[in-house]
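So the protein lines, in turn, are chains A and B.
Each residue of the first sequence is one higher than the last, beginning at 1 in full-length UniProt numbering.
Each residue of the second sequence is one higher than the last, beginning at 1 in full-length UniProt numbering.
Idealized CB from N, CA, C, for every residue including glycine.
No experiment lies behind these values; they were computed from the predicted model shown.
Here the structure comes first, spelled out in structure tokens, and everything after it is commentary.
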Amino acid sequence: MFILTKVADLVQIAPDDFKKKSIVAIEDYINAKYANKVIQKIGLCISLYDLLWASEGLIGHGTGLVNVNVEFRIIVFRPFKGEVMFGRIRSSTPSGINVRTDFFDDIFVPFDELPEGAEYNHQEQLWIWNCDEETRLYYDNHEMVRFQVIDEEWHDQTPAGPNQNEEDALQAPYRIKGSMAMDGLGVCLWWDGDEGEEGGEGEEG
Amino acid sequence: MKILESQSAVLTNYEVIHHVTQVSMGSKRMGKKGPANYETLRKEVIQYLTTSPSPLSQKPLPYTQDSIRELVRRLHPYDLAKGELIMIFNLRPANVVALNTILEEMSDRFNEDQQSEIVAIIADVLGHFPPPQGTDSAKSGEGNGDVPAENGAS
Numbered sequence: 001m002f003i004l005t006k007v008a009d010l011v012q013i014a015p016d017d018f019k020k021k022s023i024v025a026i027e028d029y030i031n032a033k034y035a036n037k038v039i040q041k042i043g044l045c046i047s048l049y050d051l052l053w054a055s056e057g058l059i060g061h062g063t064g065l066v067n068v069n070v071e072f073r074i075i076v077f078r079p080f081k082g083e084v085m086f087g088r089i090r091s092s093t094p095s096g097i098n099v100r101t102d103f104f105d106d107i108f109v110p111f112d113e114l115p116e117g118a119e120y121n122h123q124e125q126l127w128i129w130n131c132d133e134e135t136r137l138y139y140d141n142h143e144m145v146r147f148q149v150i151d152e153e154w155h156d157q158t159p160a161g162p163n164q165n166e167e168d169a170l171q172a173p174y175r176i177k178g179s180m181a182m183d184g185l186g187v188c189l190w191w192d193g194d195e196g197e198e199g200g201e202g203e204e205g
Numbered sequence: 001m002k003i004l005e006s007q008s009a010v011l012t013n014y015e016v017i018h019h020v021t022q023v024s025m026g027s028k029r030m031g032k033k034g035p036a037n038y039e040t041l042r043k044e045v046i047q048y049l050t051t052s053p054s055p056l057s058q059k060p061l062p063y064t065q066d067s068i069r070e071l072v073r074r075l076h077p078y079d080l081a082k083g084e085l086i087m088i089f090n091l092r093p094a095n096v097v098a099l100n101t102i103l104e105e106m107s108d109r110f111n112e113d114q115q116s117e118i119v120a121i122i123a124d125v126l127g128h129f130p131p132p133q134g135t136d137s138a139k140s141g142e143g144n145g146d147v148p149a150e151n152g153a154s
């Protein structure tokens, strides 16, 4: 789910950060710049992992900024295709189910990736899986689910200029497409409650 | 900004939570907080990784630094892919159905005995959630009975 990416960048330490230790000032600069940001085709940056190399600090003309060239590794959220993850149901629409994790919201499970027999209930605004004649299982909001990553979408948000459409700007920069069609995927309690004699019940606590 | 290597390693959830809770709060910081956007994200990542049914929600933490090595060694004969091992470590499947979602074409690759062997190895190395409430409440009931007695004695 998480990977390490090696990056080279220029760190500029402002004078009011001189009171910090150099390593802390560099770490804070990198985390402020990268944490919670998506780099196209890389993923969602989480946190500096380690600093591999740093140059001497150089002060240019006109400003008091200390310029340091650094190479570092950063933790990135980038689940691979086929990975199974936990998530929480955010909302349901006729086109599918929106899933989120605490730190990442743009996960979508389209209706054709739900198990056979799933149908949308317009009154309750949620999906129901008729798994056999008697059993109806509900995809309730805020329920923990397992899903499998099947695809990803990237939308570069670089401004296109004054002629840009409003719609383009609204696209999330990184979207994950998931599937819940396989046995064992879907709401965690369905599978763990019945099958796990010792493993499952702990979830209810 | 220049990307030198887009993927130089894969991390397990355990390594990530170890990093954001321990390493990044190292002694050099002296308890000072980082930038606001990072602190928010850090809190959310910790919250996500420690939400049940993630194995990291269990207290005390069932994993140690050696767990990964031990798991790789024990599961070596089954010839699993790296991604599958990482998922096993992150999700800790407790039964065959959960294992089925992780291992591709499991029924073709392994027979039923092997499947339950893998589940048993996972439970052995990575631990499992405590047994259902029935036994739990019985135990805590006994515990409650004992505590006042001990207090009285002291």
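Opening and closing residue of the alpha helix (DSSP H) in which residue i lies
i, result
"residue 208 (chain A)", "Limits of chain A in this structure are 1 at one end and 205 at the other, which puts residue 208 (chain A) out of reach."
"residue 83 (chain B)", "82-91"
"residue 121 (chain B)", "112-126"
"residue 43 (chain B)", "36-49"
"residue 67 (chain B)", "67-75"
"residue 99 (chain B)", "96-102"
"residue 78 (chain A)", "No alpha helix (DSSP H) holds residue 78 (chain A); DSSP gives it neither H nor E."
"residue 107 (chain B)", "106-109"
Beta-carbon proximity check, residue i vs residue j, cutoff 7 Å
i, j, result
"residue 109 (chain A)", "residue 184 (chain A)", "no"
"residue 23 (chain B)", "residue 47 (chain A)", "no"
"residue 17 (chain B)", "residue 49 (chain B)", "yes"
"residue 211 (chain A)", "residue 145 (chain A)", "This structure cannot settle anything about residue 211 (chain A), because the visible part of chain A is limited to 1 through 205."
"residue 92 (chain B)", "residue 71 (chain B)", "no"
"residue 34 (chain A)", "residue 45 (chain A)", "yes"
"residue 114 (chain A)", "residue 182 (chain A)", "no"
"residue 13 (chain A)", "residue 66 (chain A)", "yes"
"residue 148 (chain A)", "residue 76 (chain A)", "no"
"residue 35 (chain B)", "residue 36 (chain A)", "no"
"residue 62 (chain B)", "residue 55 (chain B)", "yes"
"residue 92 (chain A)", "residue 51 (chain A)", "no"
"residue 97 (chain A)", "residue 176 (chain A)", "no"
"residue 140 (chain A)", "residue 44 (chain B)", "no"
"residue 160 (chain A)", "residue 4 (chain B)", "no"
"residue 6 (chain B)", "residue 42 (chain A)", "yes"
"residue 32 (chain B)", "residue 39 (chain B)", "no"
"residue 40 (chain A)", "residue 156 (chain A)", "yes"
Terminal residues of the beta strand (DSSP E) in which residue i lies
i, result
"residue 84 (chain A)", "84-93"
"residue 13 (chain B)", "Residue 13 (chain B) -> not in any beta strand (DSSP E); alpha helix (DSSP H) instead, spanning 13-21."
"residue 29 (chain A)", "Unbroken run through residue 29 (chain A) is the alpha helix (DSSP H), 22-34; no beta strand (DSSP E)."
"residue 9 (chain A)", "2-13"
"residue 144 (chain A)", "144-154"
"residue 50 (chain A)", "43-54"
"residue 110 (chain A)", "107-110"
"residue 179 (chain A)", "174-179"
"residue 61 (chain B)", "Counting along the chain, residue 61 (chain B) falls outside any beta strand (DSSP E), and DSSP gives it neither H nor E."
Burial state of residue i, where buried means 16 or more other Cβ atoms lie within 10 Å
i, result
"residue 73 (chain B)", "exposed"
"residue 53 (chain A)", "exposed"
"residue 18 (chain A)", "exposed"
"residue 188 (chain A)", "buried"
"residue 107 (chain B)", "exposed"
"residue 10 (chain A)", "exposed"
"residue 128 (chain B)", "buried"
"residue 217 (chain A)", "Residue 217 (chain A) lies beyond the range of chain A shown here (1 to 205); nothing can be said about it."
"residue 153 (chain A)", "exposed"
"residue 42 (chain B)", "buried"
"residue 62 (chain A)", "exposed"
"residue 192 (chain A)", "buried"
"residue 64 (chain B)", "exposed"
"residue 100 (chain B)", "buried"
"residue 60 (chain A)", "exposed"
"residue 79 (chain A)", "buried"
"residue 191 (chain B)", "What the structure shows of chain B is the stretch from 1 to 154, and residue 191 (chain B) is not part of that stretch, so it cannot be assessed."
"residue 116 (chain A)", "exposed"
"residue 27 (chain A)", "buried"
Test: residue i CB closer than 7 Å to a CB of chain E
i, result
"residue 17 (chain A)", "The displayed structure is made up of protein chains A and B, and chain E is not among them."
Cβ-based neighbour list, residue i, same chain, cut-off 7 Å, excluding 5 preceding and 5 following
i, result
"residue 51 (chain B)", "57"
"residue 104 (chain A)", "44, 77"
Proximal residues to residue i (C-beta, below 8 Å), its chain only, five neighbours per side dropped
i, result
"residue 64 (chain A)", "14, 15"
"residue 38 (chain A)", "44, 45, 173, 174"
"residue 190 (chain A)", "137"
"residue 13 (chain B)", "49, 54, 56, 89, 90"
"residue 56 (chain A)", "68"
"residue 109 (chain B)", "103"
"residue 68 (chain B)", "12, 14, 89"
"residue 94 (chain A)", "111, 120, 122"
"residue 131 (chain A)", "115, 117, 137"
Flag this pair as touching only if the segment 93-103 of chain B and the segment 118-125 of chain B have three or more C-beta atom pairs under 8 Å; answer yes or no. yes
Flag this pair as touching only if the segment 112-122 of chain A and the segment 71-87 of chain A have three or more C-beta atom pairs under 8 Å; answer yes or no. no
At least 3 beta-carbon pairs within less than 8 Å: the segment 4-12 of chain A vs the segment 88-96 of chain A: no
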